[in-house]
Amino acid sequence: FSQAVLVDRTMYIAGQIGLEPSTGQLVSGGAKEEAKQALKNMGEILKAAGCDYGNVVKTTVLMADMKDYNDINDVYKQFFKANFPARAAYQVAALPRVSVTFLSTKKMLKFS
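Just so it is clear: in the sequence shown, position 20 is 26 by our numbering, and no numbers are missing.
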């Protein structure tokens with residue numbers, strides 16, 4: 007599968023989980039560490055396309071337990087500083103603790 011597909015100026019990024027790229031293993035430390043690693047992995051995909059977190063317009067966060075929501079949200083705020091993208095968050099069984107997908111654009115239009 008493709009990690010990301012760029013169509014015109016819109017990039018569709020496949021769901022990422024908290025895998026450490028050098029080992030291919032899920033990071034230890036629970037949902038918070040998995041979210042951090044998933045977002046770092048997304049950052050590398052964005053960077054390869056000449057984008058950054060500021061280009062992200064929509065995210066979907068899938069978690070194994072809604073009890074982890076606040077911890078994941080704390081991590082999320084470390085990566086997205088302003089103009090937070092639209093986001094949906096769901097509890098889904100049979101997943102690693104956290105999975106994140108993004109939709110980003112090369113240029114964002116600002117709405118007031």
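Each residue gets a CB set at the ideal place from its N, CA and C atoms; glycine is no exception.
Annotation: Gly-30 to Gly-36 spans about 16 Å, alpha carbon to alpha carbon. The alpha-carbon of Val-98 is positioned some 6 Å away from that of Met-69. In the DSSP assignment, Tyr-59 falls outside any alpha helix (DSSP H), carrying neither H nor E. Residues of the same chain with a CB within less than 6 Å of the CB of Asp-74, apart from the 5 flanking positions on each side, are Ala-37 in chain order.
Residue pairing for Leu-25: DSSP places it in a beta bridge opposite Leu-32.
The residues Ala-37, Lys-38, Ala-41, Val-67, Met-69, Ala-95 and Val-104, in chain order, have a CB closer than 8 Å to that of Ile-78 in the same chain once the five nearest residues on each side in sequence are set aside.
DSSP places Val-81 inside the alpha helix (DSSP H), whose first and last residues are 75-85.
Between the alpha carbons of Gly-21 and Ala-88 lies a distance of about 22 Å.
DSSP places Gln-9 in the coil class of the three-state scheme, outside both helix and strand. Cβ contact annotation for Val-81 (same chain, cutoff 7 Å, sequence separation greater than five): Lys-38, Ala-41, Lys-42 and Leu-45, in chain order.
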